[in-house]
Amino acid sequence: MVEDGENNVNNEIKLFEGKQVCSAWNNEKEEWYFSVVDVVAVLTDSKNPRDYWYRLKSA
């Protein structure tokens, strides 16, 4: 577990359809956070998910 300021954050790697997705659990807010680039990679099968996310944000 990693302490992020005053929040307790638990970082983990989740598997979705056999691909890794970085995630973090915030104990204080009781919320999961996921790497958008990792989620884009899983959902789009893009060769360059970081570029895909950049172009999506710019649209």
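Per the numbering used here, the very first residue in the sequence shown carries number -1; after that it's consecutive.
For glycine and all other residues, C-beta sits at the position ideal for the given N, C-alpha and C.
In the DSSP assignment, find the beta strand (DSSP E) that holds residue i and state where it starts and stops.
{"i": "ALA39", "result": "Element bounds for ALA39: not the beta strand (DSSP E) but the alpha helix (DSSP H), 34 to 42."}
{"i": "LYS17", "result": "17 to 24"}
Distance, Cα to Cα, residue i vs residue j?
{"i": "PRO47", "j": "SER33", "result": "11 Å"}
{"i": "ASN24", "j": "ILE11", "result": "15 Å"}
{"i": "TRP30", "j": "VAL19", "result": "12 Å"}
{"i": "VAL40", "j": "LEU54", "result": "15 Å"}
{"i": "ASP49", "j": "ALA57", "result": "12 Å"}
{"i": "VAL38", "j": "LYS27", "result": "24 Å"}
Relative to the C-alpha of residue i, which residue among the options is closest?
{"i": "LYS17", "options": "ASN8, THR42 and LYS27", "result": "THR42"}
{"i": "LEU13", "options": "TYR50, TRP51 and ASP36", "result": "ASP36"}
Could you check where the alpha helix (DSSP H) with residue i kicks off and where it finishes?
{"i": "LYS55", "result": "47 to 56"}
In this structure, does DSSP put residue i in helix, strand or coil?
{"i": "LYS27", "result": "coil"}
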